[in-house]
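K.L.:
Sequence order for the protein chains is A and B.
Just so you know, we're using this note's numbering here: the first sequence kicks off at 11 and counts up by one.
Just so you know, we're using this note's numbering here: the second sequence kicks off at 11 and counts up by one.
Note that CB positions come from ideal geometry on N, CA and C, so glycine has one too.
Protein chains: 2
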Amino acid sequence: MSAAPVGTREIGRHAVRAELARVAFDRFCLTGFNQVTFADLAEAAGVSRSTFLRYFGTKEDVVLFVFDPVGDVITDALAAERPDQDEGDWSRLRDALESAVGFLVRDVQELVTILGLVERTPALCARLREKQAEWRPEIVARLQETTSSTDGSPVVAHVRVAAALEILWIVLGQWSASDGQEDLGQLLDAAFAAFSTPAGR
Amino acid sequence: MSAAPVGTREIGRHAVRAELARVAFDRFCLTGFNQVTFADLAEAAGVSRSTFLRYFGTKEDVVLFVFDPVGDVITDALAAERPDQDEGDWSRLRDALESAVGFLVRDVQELVTILGLVERTPALCARLREKQAEWRPEIVARLQETTSSTDGSPVVAHVRVAAALEILWIVLGQWSASDGQEDLGQLLDAAFAAFSTPAGR
DNA sequence: TCATGACTGATACTGAGTGTCAGACTAGGA
DNA sequence: TCCTAGTCTGACACTCAGTATCAGTCATGA
């Protein structure tokens with residue numbers, strides 16, 4: 011799923027990439043994303059601008075490449091869960107999202123910092139949403155192929171996946187606003203309650 | 011709500027903007043969004059590059075400025091509906107979305123063309139999602155201030171609005187794929203069914 | 001030891017978007 | 001009618017993201 015580095019070349023490349031991202035991230039937090047240029051980053055990292063650009067296609071990717079595997083994490087989680095057959099879509103999506111946040115939350119403080127930077131930088135928000143949109147079709151397919159499929163329209167699955175992915179960012183935003191204090195499982199439950207409670211009428 | 015042109019200056023500016031957008035749109039459809047430069051557009055429209063850039067801050071806005079009022083349309087619609095008090099959030103959001111699509115669908119063929127262009131141009135998708143994210147806080151506030159507020163967490167309103175806005179694009183995508191044939195009201199119903207049907211368990 | 005292929009830095013280029021400036025135009029008051 | 005203040009325009013210069021090319025260097029594996 012993730013770009014598992016195999017071969018010495020790949021390992022080295024992976025390590026360099028991580029180091030460049032680390033240096034760059036400090037700069038972004040210090041000065042602000044838009045204020046930092048590739049020339050600045052290259053100088054700070056001690057490489058040429060060309061080299062820096064070879065490791066990251068765009069400036070956004072320097073920050074957001076850590077989110078790349080999330081799509082696969084979610085699809086894999088959907089495929090893996092199967093012990094008790096008849097779970098509803100919402101329940102399955104909730105669990106898949108729990109896998110996703112589990113993957114992301116390794117260093118709490120780091121993730122909080124990243125989310126803060128993303129939140130106050132429109133360009134990063136936009137690019138992240140773009141990634142999210144790329145994940146969607148595969149997740150929808152996985153959800154549909156293992157669902158009871160008693161639901162009428164095919165759009166229903168699309169809508170549910172889209173809603174779930176929205177929840178992911180809402181919950182992460184809420185969580186990072188609490189500085190990583192709140193419990194992510196509870197936040198997910200509270201968010202998914204938007205669909206289970208009758209909501210009037 | 012929309013930028014109502016008042017004063018001769020404003021009227022003129024509005025008209026020029028519309029004409030520039032029209033010329034540009036033809037080019038985009040003919041050659042592809044990314045292949046067309048501001049220099050091309052300026053030449054095609056018979057103005058200087060500077061002037062063109064003064065009317066539209068970014069290339070994306072040349073296409074997407076038509077969506078600008080949608081946020082206000084939705085908030086206004088939420089505020090306006092009130093005849094029978096106790097409607098649920100979903101029902102209210104559905105009706106507000108119907109106002110939004112009603113606002114957008116004036117020339118069917120034109121909207122279908124725009125949506126097609128947006129769909130096959132990642133940069134346009136991203137910018138449109140950015141606009142959507144800007145609308146959200148206000149819509150959430152409006153929904154909350156006129157809701158029965160029996161729901162527990164404040165995130166619930168956020169989630170419902172986010173989900174509804176996702177539905178907007180999913181439904182419009184579906185609709186434009188059918189070349190504007192399908193009924194938008196029915197599509198909205200089908201999409202919102204994702205929340206009303208129990209979804210297993 | 002050598003050949004292949006990858007990595008690097010240098011350089012040049014396109015195009016988006018910003019800022020400034022001087023001149024032309026126009027609305028609106030005297 | 002004339003004047004003035006504010007607006008619109010084209011021209012120009014600039015920064016920076018992102019693409020592409022090329023020659024030199026270095027590690028790997030035969």
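Here's the rule: buried if 16 or more other CB atoms are within 10 angstroms of the residue's CB, otherwise exposed. What is phenylalanine 202 of chain A?
P.N.:
buried
K.L.:
Under 8 Å: do the stretch 161-175 of chain B and the stretch 117-132 of chain A share three or more Cβ pairs, one atom per stretch?
P.N.:
They do not touch, by the three-pair rule.
K.L.:
Pairs of beta-carbons, one from the stretch 108-126 of chain B and one from the stretch 174-189 of chain B, closer than 8 Å: are there three or more?
P.N.:
These segments touch.
K.L.:
How close, in whole Å, do the beta carbons of phenylalanine 48 of chain B and arginine 32 of chain B come, if the pair is a contact with beta carbons under 8 Å?
P.N.:
No, phenylalanine 48 of chain B and arginine 32 of chain B are not in contact; Cβ-Cβ is about 16 Å, not under 8 Å.
K.L.:
Report whether the distance from the Cβ of alanine 187 of chain B to the nearest heavy atom of the ligand ATP is below 7 Å.
P.N.:
This structure lacks the ligand ATP; in fact it carries no ligand of any kind.
K.L.:
Could you pull out every unbroken alpha helix (DSSP H) segment of at least 4 residues lying fully inside the stretch 147-211 of chain B, listed in chain order?
P.N.:
165-187, 194-206
K.L.:
Let's see if you can read the secondary structure: which residues bound the alpha helix (DSSP H) around phenylalanine 35 of chain B?
P.N.:
18-41
K.L.:
By Cβ distance below 8 Å, which residues in the same chain neighbour threonine 61 of chain B in space, the five residues on each side in sequence not counted?
P.N.:
Excluding sequence neighbours, threonine 61 of chain B sits near Ala52.
K.L.:
State yes or no: is the C-beta of tryptophan 145 of chain B within less than 8 Å of the C-beta of valine 80 of chain B?
P.N.:
yes
K.L.:
What's the call for alanine 90 of chain B, buried or exposed, on a 16-neighbour Cβ count within 10 Å?
P.N.:
Here alanine 90 of chain B is exposed: its Cβ has fewer than 16 other Cβ atoms, across all protein chains shown, within 10 Å.
K.L.:
Which chain A residues sit within Cβ distance under 8 Å of cysteine 4 of chain B?
P.N.:
Look at the range of chain B in this structure, 11 to 211, and you will see that residue 4 of chain B is not part of it.
K.L.:
Please list, in chain order, the chain A residues whose beta carbon lies closer than 8 Å to that of glutamine 184 of chain B.
P.N.:
Val165
K.L.:
Please identify the residue among A/Asp105, A/Ser109, A/Arg139, A/Gln45 whose C-alpha is closest to the C-alpha of phenylalanine 75 of chain A.
P.N.:
Of A/Asp105, A/Ser109, A/Arg139, A/Gln45, the smallest CA-CA separation from phenylalanine 75 of chain A is found for A/Arg139.
K.L.:
Mind checking whether leucine 40 of chain A and valine 111 of chain A have CB atoms under 8 Å apart?
P.N.:
no
K.L.:
Starting from the N-terminal side, write out each stretch of the alpha helix (DSSP H) that is 4 residues or longer and does not extend beyond the stretch 118-151 of chain B.
P.N.:
118-129
K.L.:
Once DSSP output is grouped into helix, strand and coil, what is the label at threonine 85 of chain B?
P.N.:
helix
K.L.:
Determine, for valine 80 of chain B, whether the minimum Cβ-Cβ distance to residues of chain A falls below 8 Å.
P.N.:
no
K.L.:
Hey, how far is the Cα of phenylalanine 38 of chain B from the Cα of threonine 68 of chain B?
P.N.:
If you take the alpha carbons of phenylalanine 38 of chain B and threonine 68 of chain B, they lie about 14 Å apart.
K.L.:
Taking only beta-carbon positions, decide if isoleucine 84 of chain A is within less than 8 Å of chain B.
P.N.:
Not closer than 8 Å to any Cβ of chain B, the Cβ of isoleucine 84 of chain A fails to qualify, so no.
K.L.:
Serine 109 of chain B lies in the alpha helix (DSSP H); which residues open and close that run?
P.N.:
99-114
K.L.:
Comparing alpha-carbon positions, which option in B/Val26, B/Gln191, B/Ser206, B/Ala25 lies nearest aspartate 117 of chain B?
P.N.:
Nearest C-alpha to aspartate 117 of chain B: B/Gln191.
K.L.:
Return no unless some Cβ of chain B is closer than 8 Å to the Cβ of valine 46 of chain A.
P.N.:
Residue-level contact check: valine 46 of chain A does not touch chain B, since none of the beta carbons of chain B fall below 8 Å from its beta carbon.
K.L.:
Tell me which residues share the same chain as alanine 6 of chain A and place their Cβ nearer than 6 Å to its Cβ, disregarding the 5 neighbours each side in the sequence.
P.N.:
Because chain A in this structure spans residues 11 to 211, residue 6 of chain A falls outside the shown range and cannot be described.
K.L.:
Please name the residue, chosen from A/Ala200, A/Phe35, A/Ala54, A/Tyr65, that lies closest to alanine 25 of chain A on a Cα-to-Cα basis.
P.N.:
A/Tyr65
K.L.:
Between alanine 52 of chain A and chain B, is there a C-beta pair that is closer than 8 Å?
P.N.:
no
K.L.:
From phenylalanine 205 of chain A to phenylalanine 205 of chain B, what does the alpha carbon distance come to, in whole angstroms?
P.N.:
6 Å
K.L.:
Strictly under 8 Å for the Cβ-Cβ distance: is alanine 89 of chain A near chain B by that measure?
P.N.:
no
K.L.:
Can you name the residues of chain A whose CB is closer than 8 Å to the CB of valine 72 of chain B?
P.N.:
Ordered by position in chain A, no residue passes the 8 Å Cβ test against valine 72 of chain B, which lies about 17 Å from the chain.
K.L.:
Under a CB-based cut-off of 8 Å, is valine 150 of chain A close to chain B?
P.N.:
no
K.L.:
Measuring only between beta-carbons, confirm whether proline 132 of chain A sits less than 8 Å from chain B.
P.N.:
yes
K.L.:
Which chain A residues are close to alanine 200 of chain B, counting only those with a beta carbon under 8 Å from its beta carbon?
P.N.:
Gly162, Ser163, Val165, Val166
K.L.:
CB leucine 175 of chain A to CB glutamine 142 of chain A, shorter than 8 Å?
P.N.:
yes
K.L.:
Applying a beta-carbon distance threshold of less than 8 Å, which residues of chain B neighbour isoleucine 177 of chain A?
P.N.:
Residues of chain B passing the Cβ test: Val169, Ala172.
K.L.:
DSSP on asparagine 44 of chain A, reduced to helix/strand/coil?
P.N.:
helix
K.L.:
For arginine 23 of chain A and alanine 136 of chain A, I'd like the C-alpha separation in whole angstroms.
P.N.:
27 Å
K.L.:
Is the beta carbon of threonine 157 of chain A less than 8 Å from the beta carbon of aspartate 82 of chain A?
P.N.:
no
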